[in-house]
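Q:
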Amino acid sequence: MNISKKIKNSSAIASWSGFIYQGKIALYHCIHLLISDNSKADHLKVETLDDFVIYDLAGKALSLHQVKARNNKSRSAYKEALNQASEISTSSIDKSTKRWFHVSCELDDFSPYSPTNATHNQVDFYRYRDDNKYLRLDHVNVQLEQIVAEYLQKVKLNCSPLLIQYKLGLLYILLDTKVIYAHAKIHNNSELKFDAANKTPIFLTEIQQCLKSEVLDESDEIVVLNRFRRNILDRTDELMESYEASDDISLIDIFSCRNTIAQMNSETLKRLYYSKKPNLNSVSINGFNDDSVDSYMSIIAMLEQLVVLKDLPHYHQPQFGTYLPTAIQLKKINEKLSLSDIQNNVEALRENSIVQDVLYEYNNLIVDMKHSPFQLSEASKLTGKFIDISDEDLSQGRLTKIHNVRFISPDDVQRELND
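With this note's numbering applied, the sequence shown corresponds to residues 980 to 1398, in that order.
(1) Would S1065 and Q1101 qualify as a contact pair, given that the criterion is a beta-carbon distance under 9 angstroms?
(2) How would you label D1232, buried or exposed, when you count the other beta carbons within 10 angstroms and need 16 or more for buried?
(3) Quick one: Cα of V1127 to Cα of S1139, how far?
(4) According to DSSP, is R1106 part of a helix, a strand, or is it coil?
(5) Would you report the Cα separation of Y1107 and R1049, rounded to the nearest angstrom?
(6) Any idea what DSSP makes of I1307, helix, strand or coil?
(7) Give the DSSP-derived three-state secondary structure of I1387 in the structure shown.
(8) Would you mind sorting D1269 into buried or exposed? The rule is 16 or more other CB atoms within 10 Å of its CB.
(9) Might you give, ordered along the chain, the residues of its own chain that have their beta carbon closer than 8 angstroms to the beta carbon of Q1308, omitting 5 neighbours on each side?
(10) When you compare each of C1189, D1073 and E1200 to E1246 by their alpha carbons, which one comes out closest?
(11) Which one or two residues does DSSP pair with A1040 in a beta bridge?
(12) In terms of alpha-carbon separation, which member of V1025, K1019, Y1253 and T1301 lies closest to Y1000?
(13) Please report how far the alpha carbon of A1306 lies from the alpha carbon of E1283, in whole angstroms.
(14) Restricting to Cα atoms, I'd like to know which of Q1144, T1098 and V1032 is closest to I1004.
(15) Between the Cα of L1041 and the Cα atoms of L1355, S1192, H1008 and N1051, which residue gives the shortest distance?
(16) So within the region 1050–1135, which uninterrupted alpha helix (DSSP H) runs reach at least 4 residues, ignoring any that extend past its ends?
(17) Kindly give me the distance between the Cβ atoms of L1212 and I1240, rounded to whole angstroms, as I take these residues to be in contact under 8 angstroms.
(18) Pick out whichever of N1244, P1180, N1096 and K1058 has its Cα sitting closest to the Cα of L1023.
(19) So for N1137, helix, strand or coil by DSSP?
(20) Out of Y1253, F1386 and L1285, point me to the one whose CA is closest to D1336's CA.
(21) Bridge partners for Q1045 per DSSP, in chain order?
(22) For my contact list, Q1012 and L1183 are in at a C-beta cut-off of 8 angstroms; report their separation, rounded to the angstrom.
(23) Take the Cβ of K1256 as the centre, count every other Cβ of all protein chains shown within 10 Å, and call the residue buried at 16 or more, exposed below.
(24) Hey, quick one: how far does the alpha helix (DSSP H) through I1279 stretch, first residue to last?
(25) Determine whether the beta carbon atoms of P1094 and F1104 lie at a separation below 9 angstroms.
(26) By DSSP, does H1350 sit in helix, in strand, or in coil?
(27) What's the gap between the Cα of S1018 and the Cα of R1250?
(28) Do Y1130 and L1190 have their CB atoms nearer than 9 angstroms?
(29) Alpha carbons only, please: which of Q1393, S1221 and R1208 is nearest the one belonging to Y1294?
(30) Return yes when the C-beta of L1204 is under 8 angstroms from any heavy atom of the ligand MG, and no when it is not.
(31) DSSP beta-bridge partners for K1024?
(32) Which residues in the same chain have their Cβ closer than 7 angstroms to the Cβ of K1146, if we skip the five residues on either side of it in sequence?
(33) For Q1242, which residues of its own chain have a beta-carbon under 6 angstroms away from its beta-carbon, when the five flanking residues on both sides are left out?
(34) Would DSSP call L1285 helix, strand or coil?
(35) Pull up the distance between the alpha-carbon of S1263 and that of M1281, whole angstroms please.
(36) Could you check the C-alpha separation between K1077 and Y1222 for me, to the nearest Å?
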């Protein structure tokens, strides 16, 4: 396929919020196609020839979609983008390929764009199912919920607010694992945007699987962990957007951490759930909030050299071993209470092998505090006797290792990593 240099090197995303909006619009359109039941669509690719493209099984482009998340109501502000959308041409495109333009606010003119160049093609403004030709950023989630509900009703599947949120969570994760993976290849391997995205199609059958996935109820651990993941990703998106134009922090490690969490399997995600706050005694909806995400990500934003492998995001230094970011806060006013909570949780080692593994496998827990580093065994002096576990329940070597886990502030970690 002959792809122009301009397309191969372009970057359609002007902002992080625009990137998230674009992905949700792509999901919206694909669900619309599944409902219409008369489309030959097989898969989509995001950030290739256009912001996203729908292909049939043979690789023919059925529709091109350009998405603009701008707050500008003047049609003239989009002239260059409309012209670009009209001129895209490759062997996978023919005269039957539709060209759609998506905007996030009401314009003063929604008439089709008819290019003056005879070799270019008409571009139409996309009409949503509410009959509007725009979809505001703050309304896209509501529209997605509605179209998911329409699909579930059409295929006669159970439909409830819980199920809709669960299925949307699966769809967002699908989008993350494919599109964010392509972004990571661009940032980490200097791969061209087009080449990276072109290798990561999202199939409509995958979207169907997400929509047809069933769940028990809100106490179901799978539901909670998926909402936990979604909470982290959504809040991280907000943080990245707010700091996008700032030089105060580096977004590279935040991006890498987000990418890793988006692709975590359930077992590793559960380890992350407990590692953020080891004093939690079960997987529940109450175990996470925006504040805990902010605390966790503030560590990622401050420190460099994040290690993102198959396990939890962490840091490593030869002398002191591994450092695990957490959302623990040990302020003077609640220091003793926080340590007591952690001790109480460690006392449940017999019942919670995950917490045991987290404390055993990592040498240091990074916490928000002003103290110099100290070991968990020292904390027990403040909170009373640490714990007695017989050799039948836990080997002495393993218990000793847990006793030696260090609590350390981000400032001290930074100094040790730089040594």
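Note that the Cβ used here is the ideal one computed from N, Cα and C, for glycine as well.
Since this is a predicted model, take the numbers as computed values, not measurements.
A: With the given structure in hand:
(1) Here residue 1065 refers to the residue found at position 86 when the sequence shown is read from its first residue. Here residue 1101 refers to the residue found at position 122 when the sequence shown is read from its first residue. It is a contact, given that the beta carbons lie within the stated cut-off.
(2) The count along the sequence shown starts at 1 and reaches residue 1232 at position 253. Counting C-beta atoms within 10 angstroms of its own C-beta, D1232 has 16 or more neighbours from the protein chains shown and is therefore classed as buried.
(3) Within the sequence shown, residue 1127 is the residue found at index 148, counting from 1. Within the sequence shown, residue 1139 is the residue found at index 160, counting from 1. If I take the Cα positions, the gap works out to 10 angstroms.
(4) For the purposes of this step, residue 1106 is taken as the residue at position 127 of the sequence shown. The answer is coil: DSSP assigns R1106 none of H, G, I, E or B.
(5) As a first step, residue 1107 must be located in the sequence shown, where it is residue number 128. As a first step, residue 1049 must be located in the sequence shown, where it is residue number 70. Linking Y1107 to R1049 through their CA atoms gives a straight-line distance of about 17 angstroms.
(6) Reading the sequence shown from its first residue, position 328 is the one you call residue 1307. Here I1307 sits in strand by DSSP.
(7) Translated into positions along the sequence shown, residue 1387 becomes position 408. Looking at I1387 - three-state DSSP - the assignment turns out to be strand.
(8) On the sequence shown, position 290 is the one that residue 1269 refers to. D1269 is exposed by the Cβ-count criterion.
(9) Start at 1 with the first residue of the sequence shown, and residue 1308 comes out as number 329. Excluding residues within five positions, the ones whose Cβ falls inside 8 angstroms are S1274, S1317, V1346, D1347 and M1348.
(10) Numbered from its first residue, the sequence shown carries residue 1246 at position 267. When each option's Cα is compared against that of E1246, the closest is E1200.
(11) Residue numbering aside, residue 1040 sits at position 61 when the sequence shown is read from its first letter. BP columns for A1040 point to Y1034.
(12) Position 21 of the sequence shown, counting from 1, holds the residue named residue 1000. Selection V1025, K1019, Y1253 and T1301 evaluated against Y1000 yields V1025 as nearest (Cα-Cα).
(13) In the sequence shown, counting from the first residue as 1, residue 1306 sits at position 327. In the sequence shown, counting from the first residue as 1, residue 1283 sits at position 304. Rounded to the nearest whole angstrom, the CA to CA distance from A1306 to E1283 is 18 angstroms.
(14) For the purposes of this step, residue 1004 is taken as the residue at position 25 of the sequence shown. When only C-alpha atoms are compared, the closest one is V1032.
(15) The residue you call residue 1041 lines up with position 62 of the sequence shown. Selected option, being the one with the closest Cα: H1008.
(16) If only complete runs of 4 or more residues are kept, the region 1050–1135 shows the alpha helix (DSSP H) at 1058–1066 and 1119–1133, in order along the chain.
(17) Looking up residue 1212 in the sequence shown gives position 233. Looking up residue 1240 in the sequence shown gives position 261. With a beta-carbon spacing of about 7 angstroms, L1212 and I1240 fall inside the 8 angstroms limit used to define contacts.
(18) Counting from 1 along the sequence shown, the entry for residue 1023 is found at position 44. If we check each option's Cα against that of L1023, P1180 comes out closest.
(19) Taking the sequence shown and counting its residues from 1, the one referred to as residue 1137 is at position 158. Reduced to three states, the DSSP call for N1137 is coil.
(20) Sequence index remark: in the sequence shown, residue 1336 carries index 357 (1-based). Checked all of Y1253, F1386 and L1285; the closest Cα to D1336 is Y1253.
(21) As a first step, residue 1045 is located in the sequence shown; it is residue number 66 there, counting from the start. Beta-bridge partners assigned by DSSP to Q1045: F1080.
(22) Counting from one through the sequence shown, the residue named residue 1012 turns up at place 33. Counting from one through the sequence shown, the residue named residue 1183 turns up at place 204. It should be pointed out that residue 1012 corresponds to Leu in this sequence rather than to Gln. About 7 angstroms separates the two Cβ atoms, so the contact holds.
(23) By one-based count along the sequence shown, residue 1256 stands at place 277. Result: buried.
(24) Here residue 1279 refers to the residue found at position 300 of the sequence shown. Counting along the chain, the alpha helix (DSSP H) containing I1279 begins and ends at D1269 to M1281.
(25) As a working mapping, residue 1094 is identified with position 115 in the sequence shown. As a working mapping, residue 1104 is identified with position 125 in the sequence shown. Taking the C-beta atoms as reference points, F1104 is found no nearer than 9 angstroms to P1094.
(26) For the purposes of this step, residue 1350 is taken as residue 371 along the sequence shown, with counting starting at 1. Under the three-state reduction of DSSP, H1350 is assigned to coil, being neither helix nor strand.
(27) Sequence index remark: in the sequence shown, residue 1018 carries index 39 (1-based). Sequence index remark: in the sequence shown, residue 1250 carries index 271 (1-based). One C-alpha to the other measures close to 42 angstroms.
(28) What you label residue 1130 is simply residue 151 of the sequence shown in a count that begins at 1. What you label residue 1190 is simply residue 211 of the sequence shown in a count that begins at 1. Remark: C-beta atoms of Y1130 and L1190 approach each other more closely than 9 angstroms.
(29) The residue given as residue 1294 occupies position 315 in the sequence shown. Selected option, being the one with the closest Cα: Q1393.
(30) With respect to the ligand MG, the structure offers nothing, as it holds no ligand at all.
(31) The residue you call residue 1024 lines up with position 45 of the sequence shown. Beta-bridge partners of K1024 (DSSP): V1032.
(32) Position 167 of the sequence shown, counting from 1, holds the residue named residue 1146. The answer, listed in chain order, is V1127, C1189, L1190 and S1192.
(33) Translated into the one-based positions of the sequence shown, residue 1242 becomes position 263. Annotation for Q1242: T1156 place their beta carbon closer than 6 angstroms to its own, counting only its chain and skipping 5 residues before and after.
(34) Reading the sequence shown from its first residue, position 306 is the one you call residue 1285. In the structure shown, the three-state DSSP call for L1285 is coil.
(35) For the purposes of this step, residue 1263 is taken as residue 284 along the sequence shown, with counting starting at 1. For the purposes of this step, residue 1281 is taken as residue 302 along the sequence shown, with counting starting at 1. Note on geometry: alpha-carbon atoms of S1263 and M1281 lie some 29 angstroms from one another.
(36) Here residue 1077 refers to the residue found at position 98 of the sequence shown. Here residue 1222 refers to the residue found at position 243 of the sequence shown. Straight-line measurement puts the Cα of Y1222 at about 36 angstroms from the Cα of K1077.
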